[in-house]
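Chains as they are written, first to last, in the numbering used here: chain A, 188 to 542; chain B, 528 to 874. Cβ coordinates follow ideal geometry from the N, Cα and C atoms, glycine included. Okay, so here's the structure we're looking at.
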């Protein structure tokens, strides 16, 4: 049995990264970090250096010559160490990153077993976002589907209907699935970002449920029970690979429509100004990676001109450059509980011809 | 049960009213803004903070992240930070007089002993900063002291020895008057005091060489919240900014003082204030208010809340420099910085 495995991932040839998980077998069995990115997995080639390397397990931070900020960050040229973040129920993690001033980025993450489920969403995804941003690609917190080479994007905050609408479009309208949480936009083309579907009671499509094994169904029910018993304090999404029941995925397509989803009392749809959309998409991304907004602000205290410090100023600029003038932009408001009727309306507006 | 009303006047720049419906904590310690306490306010308060349980009116709202109820100039949410949990409703979120209703619970022992303090720490500082910036003032995250109506302002992140240097400076001559150890109000070329937790500050100045307060210290303060009269601190009311100093800890082996351009230092101070919004060492409740702003901006992208550089008032300072201390500076290092600041202030 090997104690650690190095695996290589490639996101549409925009960037590559390696993950090395040095954690113990039990931690790995509980939360498989690498699984989340398995749709991007490629053959590992030791001769080719990746753009980023992520190492999970205990690490010794390199604090010599660092400036200390607020007793939690340690900063020097190209290097940032965050000595620990606490989350619900005593979940903890810490990370450091080197190579911020060029070359290969190396991220080292240590987490206790309660913190382990959060490191993908809170650290690794954020650094992948940073890496893509460096390559001029805009990561969107959105789902997307494609038909006839045209992509339709649904951007939303949590619970806004991203997964629900993408699955409905795929199952009912036979459109190709491109991602339910993130997609990439570069020069007017939407690229898929297939990660495991984050399923919870409110977005569980019956077709997904049919495809679950008995074990997965039990686990799903168990987490739903925990959610109810803790009055919503603990919320664990069940990860399900989209490739199991969505073989008709699409790699890339021309952006046709970008829909910004908002939740309120009823259904409505209206065109949206380009500047407003870019501003909303930036807020959406900040809320998604809020701890990263903080880390960028910390690094800015020492290196205000660096790419990390200016990340949130460059994001809207890059998005503006990648967003084609001819794409239709609209705001769709849906009720909190998305009924079948609203689904049909929203899909017609979001993927239909009429603007 | 009758509510208690208290009023705060921040140098005639911003007025605040606190209506407490149910609880009172330890006097003095319980109120971070006790220095600004006044009997009444001449105008309608810019900020009203109403503490206690309330009925939120969040009909016709957008819902963001299952959590934030947002409509124009309004936000309501139920939220948690560490062991605290609260419900908060903010009317006048974007413009006009702001009315906050806050029902803060939990927090363990701290929440039981000092409910008023934590309620006042949750959002007030950020809102005051916002109200001040509307009037062209910056609420700098800085320590400051003044002598002969000339002020030195020390900004830097938590743990950069701002307070230690300030203490050293105040002890060096009785002519020095504190402006604050966590905040200073700046406008144009002038500085006004923003003392928070004056009781704790007085206690530190008279009894402590370092910033760490033990349980025994806290007990002593609780027993004698008015503080040691002999060491009572006087606060300067207003002064010309003689020097803007960036404080850094680490990255050097010995004390280093270098000259920096004023523009660079002012920009660095604003960068630090941005981080202060997310991570306040003294006030806690990290990331709470910035997330409210972002959730609001997701629904109303064209809002009047200026969070970027355009919201930063223009400042002018006579001198500016950067002081880098080693990670564990000696007493002589702090003394040297204090001597240097004395010198600069006399120029």
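Which residues DSSP lists as bridging residue i, in chain order
i	result
residue 495 (chain B)	In the structure as shown, chain B begins at 528 and stops at 874. Residue 495 (chain B) is therefore absent and cannot be evaluated.
residue 564 (chain B)	B:535
residue 456 (chain A)	A:519
residue 242 (chain A)	A:207 and A:295
residue 446 (chain A)	A:341 and A:517
residue 810 (chain B)	The partner list for residue 810 (chain B) (beta bridge, DSSP) is empty, contrary to what the question assumes.
residue 762 (chain B)	B:705
residue 545 (chain B)	B:533 and B:576
residue 593 (chain B)	According to DSSP, residue 593 (chain B) bridges with nothing at all.
residue 282 (chain A)	A:269 and A:296
residue 425 (chain A)	A:386
residue 202 (chain A)	A:198
Residue i, buried or exposed, once every other Cβ within 10 Å from all chains shown has been counted against 16
i	result
residue 335 (chain A)	exposed
residue 276 (chain A)	exposed
residue 427 (chain A)	buried
residue 453 (chain A)	exposed
residue 656 (chain B)	buried
residue 805 (chain B)	buried
residue 723 (chain B)	buried
residue 647 (chain B)	buried
residue 326 (chain A)	buried
residue 206 (chain A)	buried
residue 571 (chain B)	exposed
residue 349 (chain A)	buried
residue 324 (chain A)	buried
residue 542 (chain A)	Note that residue 542 (chain A) has pLDDT 44, beneath the 50 cutoff, so the model's placement of it is unreliable and the number below is only indicative. By the 10 Å Cβ count, residue 542 (chain A) comes out exposed.
residue 420 (chain A)	exposed
C-beta atoms of residue i and residue j nearer than 9 Å
i	j	result
residue 525 (chain A)	residue 536 (chain A)	no
residue 381 (chain A)	residue 445 (chain A)	no
residue 583 (chain B)	residue 621 (chain B)	no
residue 254 (chain A)	residue 718 (chain B)	no
residue 338 (chain A)	residue 264 (chain A)	no
residue 268 (chain A)	residue 249 (chain A)	yes
residue 226 (chain A)	residue 795 (chain B)	no
residue 564 (chain B)	residue 765 (chain B)	no
residue 721 (chain B)	residue 706 (chain B)	yes
residue 316 (chain A)	residue 479 (chain A)	yes
residue 448 (chain A)	residue 347 (chain A)	yes
residue 589 (chain B)	residue 520 (chain A)	yes
residue 665 (chain B)	residue 800 (chain B)	yes
residue 384 (chain A)	residue 395 (chain A)	yes
As assigned by DSSP and simplified to three states, the class of residue i
i	result
residue 373 (chain A)	strand
residue 746 (chain B)	helix
residue 368 (chain A)	coil
residue 526 (chain A)	coil
residue 837 (chain B)	helix
residue 477 (chain A)	helix
residue 756 (chain B)	With a pLDDT of 48 at residue 756 (chain B), under the threshold of 50, the predicted position of this residue should be treated as unreliable, and no value is reported.
residue 796 (chain B)	helix
residue 729 (chain B)	helix
residue 312 (chain A)	helix
residue 407 (chain A)	helix
residue 874 (chain B)	coil
residue 540 (chain B)	coil
residue 437 (chain A)	coil
residue 193 (chain A)	strand
residue 850 (chain B)	strand
residue 617 (chain B)	strand
residue 627 (chain B)	strand
residue 860 (chain B)	helix
residue 188 (chain A)	Since pLDDT at residue 188 (chain A) reaches only 38, below the 50 mark, its modelled position is unreliable, and no value is offered.
Any non-hydrogen atom of the ligand GDP closer than 8 Å to residue i Cβ
i	result
residue 560 (chain B)	Ligands in the displayed structure: none, and consequently the ligand GDP is not present.
9 Å Cβ cutoff, residue i in contact with chain C
i	result
residue 663 (chain B)	Annotation note: the requested chain C is absent from the structure, which comprises protein chains A and B.
Handout entry: Inter-stretch contact at 8 Å, needing at least 3 Cβ pairs: the stretch 766-775 of chain B / the stretch 677-688 of chain B
Key = yes
Exercise for the section: Say whether the stretch 398-416 of chain A touches the stretch 357-367 of chain A, bearing in mind that this needs 3 or more beta-carbon pairs closer than 8 Å, one atom from each stretch. Expected result: no
Exercise for the section: Check whether the stretch 296-306 of chain A touches the stretch 206-226 of chain A, taking contact to mean three or more Cβ pairs, one atom from each stretch, closer than 8 Å. Expected result: yes
Practice task
Examine the Cβ distances between the stretch 528-547 of chain B and the stretch 692-708 of chain B and report whether three or more of them are shorter than 8 Å.
Solution key: no
Handout entry: Segment contact flag, the stretch 573-583 of chain B with the stretch 626-639 of chain B, C-beta cutoff 8 Å, min 3 pairs
Key = yes
Exercise for the section: Take every Cβ of the stretch 845-854 of chain B, pair it with every Cβ of the stretch 777-795 of chain B, and state whether three or more of those distances are shorter than 8 Å. Expected result: yes
Practice task
Would you check if the stretch 474-484 of chain A and the stretch 308-321 of chain A touch, i.e. whether three or more CB-CB distances between them fall below 8 Å?
Solution key: yes
Exercise for the section: Could you tell me whether the stretch 631-639 of chain B touches the stretch 601-616 of chain B, using the rule of 3 or more Cβ pairs below 8 Å? Expected result: yes
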